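Numbering of the sequence shown is given in the working numbering, commencing with residue 2 and proceeding in unit increments. Only one structure is covered here, and it is reproduced in the block below.
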Amino acid sequence: MTTSTSFAAAPIAAVAPGVAISVVENRPGYNSWPMIQAVGDTLVCAYSRGLRHTTGDGGRGTFARVSRDGGATWGDPICIADSPEWGECAAGKGIDASGAMLLWVRRQDRGGWDTGTFHDLYLSFDGLAWEKKASPPLAPAPIQITDVFHLPGGAMMSLWFSGNYRDESKNAWGTLTSRDGGRTWEQRTVESGLPKAEWPTEPSAVVLPDGRILAVTRTEISRAGQLQLVSADGGETWTKRRTNITDVSASTPSLILDAARGLVHCYYFERGPGLLKRRTARVADILADPASWPEPEVLALGGKVRPYDSGNANATDIGDRHFIAYYAGDPTNAAVVVAATKAPEQSP
């Protein structure tokens, strides 16, 4: 693996010992918004490729590359969705009961968040061949449907959020549940009409051994703590509390649970300084007090050209190795990279 690179004037380099960086996609254009998933011992990184930092133009499509050597090298790009009528972006990933990878792809036209946003669920057993599994009718139409997780009893769930970043009356979030392997989905709104400071966006969730769902979400208010969501009844009701993860600027979290050690790892990218970070906490501690997340470790850097053109960490694990995909660049050129690191065995 490489330890450093530079693309679009954005230095990308490992900072912490034992962290290695590999480049997934750096061809000219705005390569961004990656989702990474382990399928057995294979890594699949899905990402969006376009000409510039936009979402609803027909020049944007969703692609994937596969690594069979722990992220050291990546195969040729595989097209998942690239219609000239839509801008398609990878939005959430997961695994179904058979072990196949699931990928939510947002399909958007120039109508924008309110009128032109749709979502398709794709499936692949190897990251090379993809089939569309579902295109559920949704109202409100989410901005994003995030990673798929499994509830006790066999149902699958994703969290979603909707709005348009301008009119707070449209800010909402909720759950999507499938009880038939992802063919159909039931949408439920948990909260709506939220002020921006209380709007949980881009959530990442894990299911604890006792069945509770723990999620951490992005906040759209810079330097406000990311939000922590907990449900003890399969997503029917939730508590929402503020964390002390305040070194953020529209920073997307990605959680990995170490159930055996009672730890949860939160990966995120601090836009502005351009820092990929990790916080490792004891689950019991942050359930009792969401403001008790330990101080972060800086793993890697990349993306100080313009803050919002880099970021969006998404993580997966193979054994004791964690792989975090993110992107860095400027409004017309950005690279998708993966940082590989060993999982901490304890909280600081």
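The C-beta atom is built at its ideal place from N, Cα and C for all residues, glycine as well. Source: prediction; values computed, not measured.
{"Item": "If the criterion is Cβ atoms closer than 9 Å, does the pair alanine 251 and arginine 219 meet it?", "Value": "yes"}
{"Item": "Do valine 265 and alanine 282 count as a contact pair if the criterion is CB distance below 9 Å?", "Value": "yes"}
{"Item": "For glutamate 271, which residues in the same chain have their Cβ closer than 7 Å to its Cβ, ignoring the five residues on either side in sequence?", "Value": "Asp248, Val249, Ser250, Ser252, Lys278"}
{"Item": "Shortest alpha-carbon distance to isoleucine 96 belongs to which of Leu124, Trp87, Trp75, Gly88?", "Value": "Leu124"}
{"Item": "Grab me the residues of tyrosine 166's own chain with a C-beta within less than 6 Å of its C-beta, minus the 5 sequence neighbours each way, in chain order.", "Value": "none"}
{"Item": "With a cut-off of 8 Å on the beta carbons, I'd call proline 143 and phenylalanine 162 a contact; round off their distance for me.", "Value": "6 Å"}
{"Item": "How long is the line joining the alpha carbons of tyrosine 309 and glycine 60, rounded to whole angstroms?", "Value": "20 Å"}
{"Item": "Tell me which residue opens and which closes the beta strand (DSSP E) that leucine 228 is part of.", "Value": "228-232"}
{"Item": "Going by beta carbon distance, what residues of the same chain come within less than 7 Å of asparagine 32, once the five residues before and after it are set aside?", "Value": "Glu26, Tyr48, Arg50, Tyr328, Ala335, Ala336, Val337"}
{"Item": "Give the range of the alpha helix (DSSP H) segment to which isoleucine 287 is assigned.", "Value": "284-289"}
{"Item": "In chain order, what residues of the same chain have a beta carbon less than 8 Å from the beta carbon of glycine 259, not counting five sequence neighbours either side?", "Value": "A small fix is needed here, since residue 259 is aspartate in this sequence, not glycine. So the qualifying residues of the chain are Val265, His266, Ala344."}
{"Item": "Of the choices Pro297, Pro35, Asp234, whose alpha-carbon is the least far from that of valine 208?", "Value": "Asp234"}
{"Item": "Which residue or residues does DSSP assign as beta-bridge partners of aspartate 121?", "Value": "Val106"}
{"Item": "Does DSSP classify glutamate 386 as helix, strand or coil?", "Value": "Outside the shown range of the chain, which is 2 to 349, sits residue 386, and nothing can be said about it."}
{"Item": "Distance check for serine 255 and methionine 2, CA to CA, integer angstroms please.", "Value": "Its pLDDT being 49, under 50, methionine 2 is placed unreliably in this model, and the coordinates cannot settle the point."}
{"Item": "Assuming valine 106 contacts threonine 63 under a Cβ cut-off of 8 Å, what Cβ separation, rounded to an integer in Å, is found between them?", "Value": "5 Å"}
{"Item": "For proline 141, which residues of its own chain have a beta-carbon under 7 Å away from its beta-carbon, when the five flanking residues on both sides are left out?", "Value": "Ser163, Ala173"}
{"Item": "In whole angstroms, give me the CA-to-CA distance for alanine 101 and valine 231.", "Value": "27 Å"}
{"Item": "When you compare the CB positions of cysteine 46 and alanine 326, do they come within less than 9 Å of one another, or not?", "Value": "yes"}
{"Item": "Which residues in the same chain as proline 78 place their Cβ atom closer than 6 Å to its Cβ, once the five residues preceding and following it in sequence are excluded?", "Value": "Phe64, Arg66"}
{"Item": "In this structure, what does DSSP give as the bridge partners for threonine 350?", "Value": "Limits of the chain in this structure are 2 at one end and 349 at the other, which puts residue 350 out of reach."}
{"Item": "Might you give, ordered along the chain, the residues of its own chain that have their beta carbon closer than 7 Å to the beta carbon of valine 16, omitting 5 neighbours on each side?", "Value": "Val299, Leu300, Ala301, Leu302"}
{"Item": "Per the DSSP calculation, lysine 133 is bridged to which residue(s)?", "Value": "Tyr123"}
{"Item": "Would you kindly report the start and end of the unbroken beta strand (DSSP E) that includes serine 223?", "Value": "First-last for serine 223: undefined, no H or E at that position."}
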